[in-house]
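Q: What follows is a single structure, and I will ask about it in a moment.
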Amino acid sequence: MSTRAFTPESDDNSVDRTPHETAFEECLFTAIKSANKKATLAQIEKQCEEQIARIILQDGEGQNIELGALSHRIIKEKRTAADPYVLTPHKMNYILPFSYVDEINRQAYQDVPLWADNLKDAEAKFQISLKIPLLTGYWLNEGDQLFFGFTLKSWWQIYADEISKPFRETNYQPEFFYITPLNYHPWGGNSALITGFEHQSNGRSQLLSRSWNRVYINYLYEKRNFALSFRPWYRIPEGDKSSPSSGQGDDNPDILDYMGHFELGMVYKYSKDFELSFKGRENFATHNGFVEVGATFPLWGKLKGYAQFSSGYGESLIDYNVNQKRFGIGIALTNIL
3 MSTRAFTPES DDNSVDRTPH ETAFEECLFT AIKSANKKAT LAQIEKQCEE QIARIILQDG
63 EGQNIELGAL SHRIIKEKRT AADPYVLTPH KMNYILPFSY VDEINRQAYQ DVPLWADNLK
123 DAEAKFQISL KIPLLTGYWL NEGDQLFFGF TLKSWWQIYA DEISKPFRET NYQPEFFYIT
183 PLNYHPWGGN SALITGFEHQ SNGRSQLLSR SWNRVYINYL YEKRNFALSF RPWYRIPEGD
243 KSSPSSGQGD DNPDILDYMG HFELGMVYKY SKDFELSFKG RENFATHNGF VEVGATFPLW
303 GKLKGYAQFS SGYGESLIDY NVNQKRFGIG IALTNIL
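Encoded structure:
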């Protein structure tokens with residue numbers, strides 16, 4: 003049996019269970035019967051996850067590979083994948099009631115003069131991101147999965163009373179992606195590969211329309227509480243517009259000059275309540291790039307605060323060719339790890 007990372011098997015309520023799924027259930031049954039009465043169910047589940055994963059990861063090659071924070075997240079997602087009452091997060095979900103930006107692309111709204119003159123530098127920003135497993139278990143490779151994901155990111159002019167507090171920009175990003183573990187463990191960590199197709203647009207028409215399609219490959223690496231993502235992409239070409247107001251053709255032919263050809267992401271889970279994240283893009287030909295750093299921190303109970311700072315091009319589609327600096331603070335609905 004080959005070494006597997008990121009996707010130790012777990013209970014997904016399917017009829018055909020793998021040996022590792024059965025072993026996980028047996029471990030839970032045994033552990034609950036013999037556990038210290040002060041042990042919580044979460045502690046017992048984690049103990050069994052690590053026990054079964056240790057078998058999977060050592061089988062055949064005798065390597066002692068640790069499960070990282072990203073693997074633990076995927077294990078928990080697989081156990082609730084078939085539950086109709088559970089929504090699985092994809093990217094981070096957050097609400098920033100206050101977000102300040104030093105430059106807004108007012109030029110884009112010149113055909114709506116009231117907007118262009120009254121847009122505020124302070125606004126609210128939020129992101130909602132979910133995914134649905136389409137195929138799980140064994141498809142092309144042991145432990146692989148096929149997903150449909152959807153991410154909505156919105157910038158809300160909640161402080162602009164003069165123009166009735168409109169949503170200035172909303173970006174919609176549906177995608178299909180396939181993830182598979184890799185038998186590759188540099189520095190004692192774990193690896194996986196994602197391939198996908200995604201469409202991104204702002205749902206507007208004519209002069210305010212922005213959109214593009216791309217295919218990507220994403221290499222994931224984890225070790226303990228650290229995870230890294232390197233995602234290069236290829237933009238699917240579109241034809242030229244016959245006129246600026248035409249509904250057919252490329253809305254933004256120079257978008258790669260600002261969005262670049264890849265994205266590098268890193269996350270470090272310092273503790274249950276503190277998580278640091280980084281995301282960066284760069285076009286080495288035009289020297290246009292983007293950096294975003296974020297941090298979660300405890301507020302009260304299970305509620306976590308979230309602070310975000312970004313600088314560069316492409317935070318939103320309508321502003322893709324505008325160099326912006328933004329700071330926002332609010333609430334994290336989910337973490338990355």
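Under my numbering, think of the first position of the sequence shown as 3, with each following residue one higher. Every residue gets a Cβ at the ideal spot worked out from N, C-alpha and C, and that includes glycine.
1) How many whole angstroms separate the CB atoms of N204 and N173, which I take to be in contact at a CB cut-off of 8 Å?
2) Determine the direct distance from the alpha carbon of K243 to that of G249, and round the result to whole angstroms.
3) Starting from M261, trace the alpha helix (DSSP H) in both directions and tell me its first and last residue.
4) Exposed or buried, which one is W302 when buried takes at least 16 other CB atoms within 10 Å?
5) Between which two residues does the beta strand (DSSP E) containing H407 stretch?
6) Going by DSSP in three states, L335 sits in which element: helix, strand or coil?
7) So, at 6 Å on beta carbons, what are the nonlocal neighbours of S312 in its own chain, with the 5 sequence-adjacent residues on each side left out?
8) Excluding sequence positions up to five away, which residues of its chain have a Cβ less than 7 Å from the Cβ of E125?
9) Do you know how far the Cα of N337 is from the Cα of A309?
10) So, does the segment 175-193 touch the segment 206-215, judging by three or more C-beta pairs under 8 Å?
11) Counting pairs of beta carbons, one from the segment 67-81 and one from the segment 215-224, are three or more of them closer than 8 Å?
12) Roughly how many angstroms lie between the CA atoms of G267 and L339, to the nearest whole one?
13) Count the other C-beta atoms from every protein chain shown that fall within 10 angstroms of the C-beta of T197, then say buried if there are 16 or more, exposed otherwise.
14) Using a Cβ-Cβ cut-off of 8 Å, state whether I338 counts as contacting chain C.
15) If you follow the alpha helix (DSSP H) that A287 is in, where does it begin and where does it stop?
16) Tell me the DSSP secondary structure of N215 in three-state form.
17) How about the segment 75-95 and the segment 126-134: do they share at least three Cβ pairs that are nearer than 8 Å?
18) In this structure, how does DSSP classify K167 when only helix, strand and coil are distinguished?
19) Drop a sphere of 10 angstroms on the beta-carbon of I58, count the other beta-carbons inside from all chains shown, and report buried for 16 or more, exposed for fewer.
20) Among residues of its own chain, excluding the 5 on either side of L340, which ones have a beta-carbon nearer than 6 Å to its beta-carbon?
21) Measure the alpha-carbon distance for L154 versus Q175 and round it to whole angstroms.
22) Given a cut-off of 8 Å on the beta-carbon distance, is the pair G314 and G291 in contact?
23) DSSP state of P115, grouped into three classes?
24) Could you tell me the alpha carbon to alpha carbon distance between T288 and H263, rounded to whole angstroms?
25) Give me, in chain order, the residues of the same chain whose beta-carbon lies closer than 7 Å to that of P246; leave out the 5 immediate sequence neighbours on both sides.
26) Thinking D104 and D119 are a contact (beta carbons under 8 Å), I'd like their distance in whole angstroms, please.
27) Apart from the five residues just before and just after L319, which ones in its own chain have a Cβ nearer than 6 Å to its Cβ?
28) If you compare alpha carbons, which of E277, Y322, R283 and D321 is closest to L335?
29) If I'm right that G145 touches E177 with Cβ under 8 Å, what's the distance once you round it to whole angstroms?
30) On the three-state DSSP scale, how would you describe L69?
31) Looking at the strands, I want to know which residues DSSP matches up with V88.
32) Within the present structure, is the beta-carbon of G330 separated from the nearest heavy atom of the ligand NAP by less than 7 Å?
33) Would you grab the beta carbon distance between N285 and Y260 for me? Rounded to a whole angstrom, and I think it's under 8 Å.
34) Using the C-alpha atoms, what's the distance from K271 back to N185?
35) DSSP three-state label for R2, please.
36) For L98, count neighbouring C-beta atoms within 10 Å of its own C-beta (all shown protein chains included) and say buried if the count is 16 or more, exposed if not.
A: Taking the coordinates as given:
1) For this step, residue 204 is matched to residue 202 along the sequence shown. For this step, residue 173 is matched to residue 171 along the sequence shown. That pair is a contact at about 5 Å.
2) Along the sequence shown, one-based indexing puts residue 249 at 247. Along the sequence shown, one-based indexing puts residue 243 at 241. Rounded to whole angstroms, the separation of the alpha carbons of K243 and G249 is 8 Å.
3) For this step, residue 261 is matched to residue 259 along the sequence shown. Where M261 is concerned, the enclosing alpha helix (DSSP H) stretches over I257 to M261.
4) Here residue 302 corresponds to residue number 300 of the sequence shown, with the count starting at 1. The residue in question, W302, is exposed, as its Cβ has fewer than 16 Cβ neighbours within 10 Å.
5) Here the chain has residues from 3 to 339 only, and residue 407 is not among them.
6) Taking the sequence shown and counting its residues from 1, one reaches residue 335 at position 333. Here L335 carries a coil assignment [DSSP, helix/strand/coil].
7) To locate residue 312, count along the sequence shown from 1; it is residue 310. Sequence-distant Cβ neighbours of S312 in its own chain, meaning closer than 6 Å and more than five residues away, are E294 and R328.
8) In the sequence shown, the residue the question calls residue 125 occupies position 123. Correct list, in chain order: S101, W157, W158, Q159, I160, Y161 and R170.
9) On the sequence shown, residue 309 is found 307 positions in, with the first residue counted as 1. On the sequence shown, residue 337 is found 335 positions in, with the first residue counted as 1. For A309 and N337, the distance between alpha carbons rounds to 12 Å.
10) Under the Cβ criterion (8 Å, minimum of three pairs), the segment 175-193 does not count as touching the segment 206-215.
11) Yes: the two stretches touch, three or more of their Cβ pairs being nearer than 8 Å.
12) The residue labelled residue 267 in the question sits at position 265 within the sequence shown. The residue labelled residue 339 in the question sits at position 337 within the sequence shown. Using only the alpha carbons, I get a separation of about 13 Å.
13) As a working mapping, residue 197 is identified with position 195 in the sequence shown. Looking at its Cβ environment, which holds fewer than 16 other Cβ atoms inside 10 Å, T197 is exposed.
14) The structure shown contains no chain C, having only a single protein chain.
15) Taking the first residue of the sequence shown as position 1, residue 287 is located at position 285. Note, A287: premise wrong, no alpha helix (DSSP H); not H, not E.
16) The residue you call residue 215 lines up with position 213 of the sequence shown. Collapsing the DSSP output to three states places N215 in a strand.
17) Yes, since at least three Cβ pairs between the segment 75-95 and the segment 126-134 fall closer than 8 Å, the two stretches touch.
18) Position 165 of the sequence shown holds residue 167. K167: coil per DSSP, three-state reduction.
19) Translated into the one-based positions of the sequence shown, residue 58 becomes position 56. Only weak support exists for where I58 lies, its pLDDT of 47 falling under 50; the value from the coordinates is given anyway. The residue is buried, with at least 16 neighbouring Cβ atoms inside 10 Å.
20) Look at the range of the chain in this structure, 3 to 339, and you will see that residue 340 is not part of it.
21) Here residue 154 refers to the residue found at position 152 of the sequence shown. Here residue 175 refers to the residue found at position 173 of the sequence shown. When rounded, the distance between both Cα atoms is 6 Å.
22) The residue labelled residue 314 in the question sits at position 312 within the sequence shown. The residue labelled residue 291 in the question sits at position 289 within the sequence shown. Using a Cβ distance threshold of 8 Å, G314 and G291 count as a contacting pair.
23) Along the sequence shown, read from residue 1 onward, the residue named residue 115 stands at position 113. The answer is helix: DSSP assigns P115 an H, G or I state.
24) Position 286 of the sequence shown, counted from the first residue, corresponds to residue 288. Position 261 of the sequence shown, counted from the first residue, corresponds to residue 263. In a straight line, the C-alpha of T288 is about 11 Å away from that of H263.
25) Here residue 246 corresponds to residue number 244 of the sequence shown, with the count starting at 1. Cβ neighbours of P246 beyond the five flanking positions: L209.
26) Indexing the sequence shown from 1 puts residue 104 at position 102. Indexing the sequence shown from 1 puts residue 119 at position 117. D119 and D104 do not touch by the CB rule: their CB atoms are close to 18 Å apart, not below 8 Å.
27) Here residue 319 refers to the residue found at position 317 when the sequence shown is read from its first residue. Beyond the five residues adjoining it in sequence on each side, L319 comes within less than 6 Å, by CB distance, of N173, N204 and R212 in the same chain, given in chain order.
28) Translated into the one-based positions of the sequence shown, residue 335 becomes position 333. With distances taken between Cα atoms, L335 lies closest to E277.
29) For the purposes of this step, residue 145 is identified with residue 143 of the sequence shown, where counting begins at 1. For the purposes of this step, residue 177 is identified with residue 175 of the sequence shown, where counting begins at 1. Not quite, the Cβ-Cβ distance comes to about 21 Å (not below 8 Å), so this is no contact.
30) The sequence position of residue 69 within the sequence shown is 67, counting from 1. Three-state DSSP puts L69 in coil, outside helix and strand.
31) On the sequence shown, residue 88 is found 86 positions in, with the first residue counted as 1. Bridge pairing for V88: absent [DSSP].
32) Annotation note on the ligand NAP: not contained in the displayed structure, which lists no ligands.
33) As a working mapping, residue 285 is identified with position 283 in the sequence shown. As a working mapping, residue 260 is identified with position 258 in the sequence shown. Distance from N285 to Y260 at the Cβ level is roughly 7 Å; contact confirmed, criterion being Cβ atoms closer than 8 Å.
34) Against the sequence shown, residue 185 aligns to sequence position 183. Against the sequence shown, residue 271 aligns to sequence position 269. Cα-Cα distance, rounded: 24 Å.
35) There is simply no residue 2 to check, as the chain begins at 3 and stops at 339 in what is shown.
36) Counted from its first residue, the sequence shown places residue 98 at position 96. Flag for L98 reads buried.
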